[in-house]
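First to last, the sequence lines map onto chains A and B. Taking full-length UniProt numbering, I'd label the letters of the first sequence as residues 1 to 264. Taking full-length UniProt numbering, I'd label the letters of the second sequence as residues 1 to 240. Ideal placement from N, C-alpha and C gives every residue a C-beta, glycine not left out. Contents: one structure, followed by commentary.
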Amino acid sequence: MRHFLPLALVCLLGSLLPMAPIAAAQEPPSPVVFTPRPDSEIPAGPFGDLVRKGEKIFTQTGKYAGKYVGNDLTCESCHLDRGRKPYAAPLWGAYVSYPRFRTKNMKVSRLGERIQGCFRFSMNGVAPPLAGDTIRSIVAYSFWMSKGAPVGTPLVGTGMYHMPPTSHKPDPFNGKKVYKARCALCHGADGLGASSGGDVAFPPVWGPRSYNAGAGLAKVGKLAGFIKMNMPLSKGDTLSDRDAWDVAAYVDSQPRPADPRKKS
Amino acid sequence: MNPSRCFIRYLTLPAMFLLMLSSLPAAQAGDLIEKGKTIAREGNGLPGSTACMECHRFHGGGMPSIASPRIAGQPQKYIEHEILGVKAGTRFAPVMAGVVNNLSRSDIRAVAAWYASVRTPKLRDVSPYDPKLVALGKRIALKGEWKKNVPACVLCHGPEGRGIPPHFPYIKGQNKGYLLQQLMSFAFLKRADDPQGLMRGIARRLSLQERKAVAEYFASLTPPPADGQPDTSPSGKETR
């Protein structure tokens, strides 16, 4: 599904431009590894300022966009390496994939609207206005990061990792064992994370200060994909698929804030 | 005889005992620190025992000249864990091994309690900090080196490296010789007591230059008042 739109675009372009190589329309183009430009290339001036502001909001969301945030997470808690890491829904991948149709609300969403979604669900907060500074800065940050990314070619590591389908039913009991052995060190046996001198250090993975039940990670498959490639931190891709499914089922069986769409 | 009454009688004794115990901890913690203090100053009295203060100083400031770490205010649990690691051989430390070998489990708990409770100012490091290395180290510390799968150091060692108790020690204000030595030990698997091999993986992926740089950067900062405590001095706050 993810690669369908860009692919469709390639096909469309291929048929519109007679000069385009025919092969592109027949064989799916092979995925390209993309690396965003280094920070040092962020230009001086108003555009650069907006980009830098977007990065601040992204990495210290509570401090720079506090009124829209309802938990202890930052955007970077899930979009690792300041939104750059492959398979942690990187911003460079996001910029080139919108507008796009989403089944969550059955409409074609713009990037700004997608970001609003993460504020509402993943950050358990409220959506900042589309035309306001917060969304504009994050969109600018995302735009800058995607500079040089080919449009219409699948890029390696956009979105979250899609777990291959499994025949076994994810088992939260085994998941609890995996959690204790591989996750509790940082996120705490109680899932509430850890603080350092009053500042949030390890983010909570459940409980009142974590993502709410309407968030992407509240779906076991999405969470399993995130964990598989990214957790334990710096040890991505060391859990077996089965353990990733099970620990995701365990984490998502724990209490967390309700889905705001279901509150009356 | 009424079985439930009998049951209650059996319960009252342990209950009273528990009540007595609950008034103990404060006094016990004090005793433990006192005992640790003595071991730190004089050793534990067994033949051949050495006082911790000979390398770590009485107030835990360490000795930069011999790369002996500052341990004042590290979490008690972390200090205990490290002494046990040295004893068990999972942490390679030939000098330290000779010293802690004859410490009992309760001696270890006691010295850990002492050093966790003391505070001391930073000692002068062996040489001035190289601004170029500090700048590179700062970048890795605050942003990571993700193309080698190295996350920002501060994600696990707390903002500015002030520690996340009880498992993640503070590293800001530690002496540079010790920091570099430990990164080398992790990289070459001589220190293997880190949970899940997290530090072994990270240290191995850094180049020698990068290890030097992060050591230099964290050493250049002021130590936290205690593990996990924010630094209130003007130079203490490093934001990303």
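Item: Beta-carbon of L155/B versus every beta-carbon of chain A: anything under 9 Å?; Value: yes
Item: Can you pull the chain A residues whose beta carbon is under 8 Å from the beta carbon of I202/B, in chain order?; Value: S234
Item: Should S104/B be labelled buried (16 or more other beta-carbon atoms within 10 Å of its own) or exposed?; Value: exposed
Item: Can you give me the C-alpha to C-alpha distance between L130/A and P38/A, rounded to a whole angstrom?; Value: 28 Å
Item: Have a look at L50/A and F218/B and give me their C-alpha separation to the nearest angstrom.; Value: 31 Å
Item: Using a Cβ-Cβ cutoff of less than 6 Å, which residues in the same chain neighbour F121/A once the five nearest sequence positions on both sides are dropped?; Value: N212, G214 and A215
Item: DSSP three-state call for I164/B: helix, strand or coil?; Value: strand
Item: Select from Y95/A, K56/A, M231/A and V178/A the residue whose C-alpha is nearest the C-alpha of F202/A.; Value: M231/A
Item: Please report the straight-line C-alpha distance between D171/A and D243/A, rounded to a whole angstrom.; Value: 9 Å
Item: If I follow the unbroken alpha helix (DSSP H) through A152/B, where does it start and stop?; Value: Unbroken run through A152/B: none, as it is neither H nor E.
Item: Take D194/B as the anchor and find which of Q174/B, Y78/B, P224/B and A135/B has the nearest alpha-carbon.; Value: Y78/B
Item: Three-state secondary structure (DSSP) at S109/A?; Value: strand
Item: Run the CB neighbour count on Q181/B, radius 10 Å, all protein chains shown included, and call it buried at 16 or more, exposed below.; Value: buried
Item: Taking the straight line between their C-alpha atoms, what separation do you get for T222/B and F226/A?; Value: 36 Å
Item: Tell me, please, whether the region 151 to 169 of chain B touches the region 188 to 202 of chain A by the rule of three or more beta-carbon pairs shorter than 8 Å.; Value: yes
Item: The alpha helix (DSSP H) spanning A116/B covers which residue range?; Value: R105 to S117
Item: Going by DSSP, what residue range makes up the beta strand (DSSP E) through V200/A?; Value: D199 to F202
Item: Hey, which unbroken runs of the alpha helix (DSSP H) at 4 residues or more fall wholly within the region 43 to 114 of chain A?; Value: 46 to 59, 61 to 64, 75 to 78, 80 to 83 and 91 to 95
Item: Would you report the Cα separation of K108/B and L189/B, rounded to the nearest angstrom?; Value: Checking the displayed sequence, the identity of residue 108/B turns out to be Ile instead of Lys. Cα-Cα distance, rounded: 25 Å.
Item: What does DSSP give as the partner residues of R191/B in its beta bridges?; Value: R91/B
Item: For Y178/B, tell me which candidate among G48/B, T90/B, V126/B and E80/B has the shortest Cα-Cα distance.; Value: V126/B
Item: Please classify F34/A as buried or exposed, where buried requires at least 16 neighbouring CB atoms within 10 angstroms.; Value: buried
Item: Closer than 9 Å, Cβ to Cβ, to anything on chain B: give me those residues from the region 67 to 93 of chain A, in chain order.; Value: L80, D81, R82, R84 and K85
Item: Is it the case that the Cβ atoms of V96/A and C183/A are separated by a distance below 9 Å?; Value: no
Item: Taking only heavy atoms of ligand 2 into account, decide whether any of them is closer than 8 Å to the Cβ of T158/A.; Value: This structure lacks ligand 2, and indeed carries no ligand of any kind.
Item: Interface residues of chain B around A201/A at Cβ under 7 Å?; Value: G158 and I164
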